[in-house]
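Numbering (the numbering used here), first residue to last: 79 to 355. Structure first, then comments.
Here it is in structure tokens:
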């Protein structure tokens, strides 16, 4: 096996980290999108596994994270600053997460163009994966970016609008938050419209016949598997002729975490569907 090299680059304001064996040939690339409060280093274990197989692996810092650190996100997590909803509900942070998801997907497009311009990748073999917030962004990119050839969202939710409505309804049911939620109704209407506008759920039907694997932990309370089960049910008839291209993988005893078993399964999915041997 050739030496694996880690490099960093900057595309505008987007920090990029890559891991790969040295090569002058175009090859498949897999992008990893990290979770809320993390940074591009979260994907390094997967990057090593993919680089060993011959992939170019790339990971970026999402807006407000890593080398793009913004104290607004940190303050919101601590309960400082201005809130539309009660801090304990987590709704303001959850809404910001979705704003970051859309921005991350836009950054992904710029990163793809960067590697394509350098003639470093096979544009027909682009994979995207991500954990938690990065998994949300993976669903969004799969629904909206035709360059994505295979996708693996991990510990994520594909139904932005439905999940938002569910958590708003739940928060409104708490007596201690009822007055604050009532006061925020006008803003909730605006935010609900945004969530529905960016919701990838039904658009993901257009991802067929490209390979899609959804990974969930059966004990994940932050990204309940129910929403991925619903998407799997919707997509399964479309993949009837190519069932190997769609998988719902639920890991026993797993919560909201990126486990070694999930990393290995993600590696094997891209190996199967993107690497020409």
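Ideal Cβ placement from N, Cα and C applies to all residues, glycine included. Quick caveat: nothing in here was measured; it's all calculated off a predicted structure.
Using 10 angstroms around the beta-carbon of residue i, count the other beta-carbons present and answer buried if the total reaches 16, otherwise exposed.
i, result
"residue 156", "exposed"
"residue 299", "exposed"
"residue 314", "exposed"
"residue 267", "exposed"
"residue 319", "exposed"
"residue 163", "buried"
"residue 269", "buried"
"residue 127", "buried"
"residue 167", "buried"
According to DSSP, is residue i part of a helix, a strand, or is it coil?
i, result
"residue 197", "coil"
"residue 229", "strand"
"residue 303", "coil"
"residue 329", "strand"
"residue 97", "strand"
"residue 167", "helix"
"residue 83", "strand"
"residue 162", "coil"
"residue 92", "strand"
Using the DSSP secondary-structure output, state which residues sit across from residue i in a beta bridge.
i, result
"residue 188", "Beta-bridge pairing links residue 188 to no other residue."
"residue 362", "The chain is shown from 79 up to 355; residue 362 falls before or after that span and cannot be answered."
"residue 275", "Partner(s): none; residue 275 has no beta bridge."
"residue 247", "DSSP output for residue 247 lists no bridge partner at all."
"residue 142", "147"
"residue 105", "199"
Between which two residues does the beta strand (DSSP E) harbouring residue i extend?
i, result
"residue 357", "What the structure shows of the chain is the stretch from 79 to 355, and residue 357 is not part of that stretch, so it cannot be assessed."
"residue 340", "It is not in any beta strand (DSSP E) - residue 340 instead sits in the alpha helix (DSSP H) that spans 338-352."
"residue 290", "290-295"
At what residues does the alpha helix (DSSP H) containing residue i begin and finish?
i, result
"residue 153", "149-156"
(Q) Assess contact between the region 207-218 and the region 227-235, defined as three or more Cβ pairs (one per stretch) separated by less than 8 Å. Is contact present? (A) yes
Q | At least 3 beta-carbon pairs within less than 8 Å: the region 239-246 vs the region 202-210 | A | no
Q: Count the CB pairs spanning the region 129-149 and the region 82-95 that are closer than 8 Å, and state whether there are at least three.
A: yes
Q.
With three or more beta-carbon pairs closer than 8 Å as the criterion, would you say the region 250-261 touches the region 278-292?
A. no
Q | the region 299-308 contacting the region 183-203, beta-carbon criterion three pairs below 8 Å | A | no
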